[in-house]
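Chemist: Quick note, the numbering used here runs 175 ahead of the 1-based positions in the sequence shown.
Yeah, the Cβ is synthetic: ideal placement off N, Cα and C, and Gly gets one too.
In this text, all values refer to a predicted model and were calculated from it rather than measured experimentally.
Just dropping this structure here.
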Amino acid sequence: MPSIDFILPHWLYWGGLIVFPLVAMVMARRTRTRGYSVPIAYMILVTGGLLGLHRLYLRNLWGLVFLPIFFAILVFNAQGREAREVVSQTANEVASAQRIVDRLEPKVTGADDRIARLRTELEEAEEGSFAQIRAEKELEKAEAAKVTDAERFEKAQADLDAAGPALDDARAARQQWSDFAFYALMLLCALIAIDALLIPGMVRKAQARADAEPSRAAPAEARLEHIEHEEEKKDHDHIGTGWTGAIDRLSYFCGEFVSYWAVIAVFAYYFEVVARYVFNSPTIWVHEGMFLMFGMQYLIAGAYAAMTDAHVKVDVFYAEWSPRRKALVDLFTSIFFFIFAGTLLVTGWIFAMDATVVNEISFSEWTIAYWPFKWAIVVGAVLLILQGVAKLARDVATVRHSMQAG
C-alpha cells in the first residue's frame, strides 16, 4: 500500500487561512443558484470521491458501490496493522535469539579447551596448595557453565529456527493485506476517474429529475432560506450607527472571517482520516495546525460574540430589567471587562514580542513559527477592547437619554 509523505507547507497553511475565508464570504453573498452545480460536483468528487459522495449529492444510488470498497480498504489496513505488529514482535524474537546464539556460540565451542586447560593446571598444582584449591573451583565452574551454556544455546537456536519461518510468514501476510488494500484503492481511483468524465452528464440528469419534481425540494429550500435570512437579520440588528457602528462592522467582519476556518478543519481532518486509515500515514501537522487555528478563532471571534451578546452570563434577573437598568449594570460590570481585556492585551503583547524576537517554533517535525499565533492574542484583545468601548458608549447614551426623558 503506498504511503503519503505530504507535509503542508507553511505558506500554504497561512495562505489558506487568509484566502479561503475571503472566497467563501464572496460566494456567500452571491445570488443563490437553484439545482445542481458541476463545480460543486467536482469539488465533492475531489474531497469525498473515495466514499462516492459526488454520486450521492446527485441522488445517484450507484454511489453506494463506493462504500463497501472503502470499508474493505479499512478492514485490509486494520489486518495489515495487526500483521505489522506480529512482524515487529517476531523480528524482536529473532533478533534476541540471534544475539544469544552469537554470544554463546564461542563459549560453547571453546568450553572443552578451557576445561582441558584447567584440568592440566589442577594436575600440575601442588597437593593441598592454594593453587590446587583455586583450580578445582575453576574447573567445577567451567563444567557447570558448559552445561548451562549448552542448554541456553540449544534453546536459542531452536527459537531462532522456529521464529525465522514465522517471521517470513508474518511478512508475507503483511504484504498480502497491503496488496489487497492497494488493489481496492486502485479500483476506487478507477471509478473516480470514470466519474470525472461522467459528471457533466450526471449533473444534467439530476437537474432534469429535480425539474420534473419541484415540489419535493422547494419547501425545504424555502425553510432553509428563511432560517438563514432570520439569522443574518438578527446579527445585523446588533450593528449600530456612527463610529460605534464602524466598530460593530469590524467585529462582524472578523467574526464572519474566522467562522469559515471551521470549514477548513473539515477538509483537514478528512485528509487526516484518509491518510491514517487508508494509506497508514498519520500526520502531525493536521492536529497541530487545527488546534492552533481554533485558538486564533476563539480569540479573534471574541469581539463578534460580545457584539451579538453571545457570551455566557446569568440573566435570570437581567433579562427582565428595563434598558436603563441594564445599561447601568453594564456600566458597572464594564470595569471588570476592561481589566480582563487590558490584562489580555498586555500579556499577549509580552508573549508575542518574546516569541517574535527568538522566532519561536513548534517542536514537531512541522516546525511552524508560533509568533503569528501569539500575535492573535493581541489582535483579539484589541478587537475586544474596541467592542467594549462601543458598548460603553451605547450604555452611556441609553442612560443619558432615559434621564432626559424622565
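The ligand HEM heavy atoms versus the CB of V283: any closer than 6 Å?
Modeler: Looking at this structure, you won't find the ligand HEM or any other ligand, since it has none at all.
Chemist: Thinking C-beta only, is R349 closer than 7 Å to V262?
Modeler: In this structure, R349 lies closer than 7 Å to V262 by Cβ.
Chemist: Should L558 and C364 be called a contact, given that it needs their Cβ atoms to be closer than 7 Å?
Modeler: No. Outside cutoff.
Chemist: Between Q562 and A478, is the Cβ-Cβ spacing less than 7 Å?
Modeler: Yes, the pair counts as a contact, with Cβ atoms nearer than the cut-off.
Chemist: Using the Cα positions of I248 and I219, report the straight-line distance between them to the nearest angstrom.
Modeler: About 20 Å.
Chemist: Is it buried or exposed, W541, if we count other Cβ atoms within 10 angstroms and call 16 or more buried?
Modeler: Answer is buried; the Cβ neighbour count reaches 16.
Chemist: According to DSSP, is I543 helix, strand or coil?
Modeler: In the structure shown, I543 sits in coil (DSSP, three-state: anything other than H, G, I, E or B).
Chemist: Could you check what DSSP says for I536 in three-state terms: helix, strand or coil?
Modeler: Strand.
Chemist: So, under 8 Å CB-CB, Q307 and E301 are touching, yes? Tell me the CB distance rounded to an integer number of Å.
Modeler: About 6 Å separates the two Cβ atoms, so the contact holds.
Chemist: Looking at the structure shown, is F357 part of a helix, part of a strand, or coil, going by DSSP?
Modeler: It is helical.
Chemist: Exposed or buried, A393, counting other C-beta atoms within 10 Å across all chains shown (16 or more means buried)?
Modeler: Model confidence at A393 stands at a pLDDT of 48, short of 50, so the residue's coordinates are unreliable; what they give is reported in the following sentence. So A393 ends up on the exposed side.
Chemist: Excluding sequence positions up to five away, which residues of its chain have a Cβ less than 7 Å from the Cβ of T458?
Modeler: Once the five neighbours on either side are set aside, the close Cβ partners of T458 are E447 and A450.
Chemist: Decide if I422 is buried, meaning its Cβ has at least 16 other Cβ atoms within 10 Å, or exposed.
Modeler: Buried, since its Cβ has 16 or more Cβ neighbours within 10 Å.
Chemist: By Cβ distance below 7 Å, which residues in the same chain neighbour L399 in space, the five residues on each side in sequence not counted?
Modeler: Low per-residue confidence applies at L399: pLDDT is 46, beneath 50, and the placement is therefore not dependable enough to give any value.
Chemist: If you draw a straight line from the alpha carbon of Q579 to that of V571, how long is it in whole angstroms?
Modeler: Rounded to the nearest angstrom, the two C-alpha atoms are 12 Å apart.
Chemist: Can you give the Cα-Cα distance for D505 and I560, rounded to whole angstroms?
Modeler: The straight-line gap from Cα to Cα measures roughly 15 Å.
Chemist: Using the three-state DSSP reduction, which class does S304 fall into: helix, strand or coil?
Modeler: In the structure shown, S304 sits in coil (DSSP, three-state: anything other than H, G, I, E or B).
Chemist: If you follow the alpha helix (DSSP H) that T284 is part of, which residue opens it and which one closes it?
Modeler: First-last of the alpha helix (DSSP H) with T284: F241 to T284.
Chemist: Hey, how far is the Cα of G238 from the Cα of M465?
Modeler: Near 30 Å, if we compare the C-alpha coordinates of M465 and G238.
Chemist: Beta-carbon separation of K585 and F515 under 7 Å?
Modeler: With the chain covering 176 to 581 only, the question about residue 585 has no answer from this structure.
Chemist: Which stretch, first to last residue, makes up the alpha helix (DSSP H) that contains S497?
Modeler: S497 -> no alpha helix (DSSP H), and no H or E assigned at all.
Chemist: Does the CB of A572 have a neighbour CB from chain B at under 7 Å?
Modeler: Here chain B cannot be found, since the structure has a single protein chain.
Chemist: Between the C-alpha atoms of T518 and F511, what's the straight-line distance to the nearest angstrom?
Modeler: Cα to Cα, the separation comes out at about 11 Å.
Chemist: Would K312 pass as a contact of A286 if the rule is Cβ separation under 7 Å?
Modeler: In this structure, A286 does not lie closer than 7 Å to K312 by Cβ.
Chemist: List the endpoints of the continuous alpha helix (DSSP H) containing E388.
Modeler: Here E388 belongs to no alpha helix (DSSP H), and DSSP marks it neither H nor E.
Chemist: Going along the chain, which residues of its own chain have a beta-carbon closer than 7 Å to the beta-carbon of S537, five neighbours each way excluded?
Modeler: If we look at S537 and ignore the five residues flanking it on each side, its Cβ neighbours are E463, I543 and Y545.
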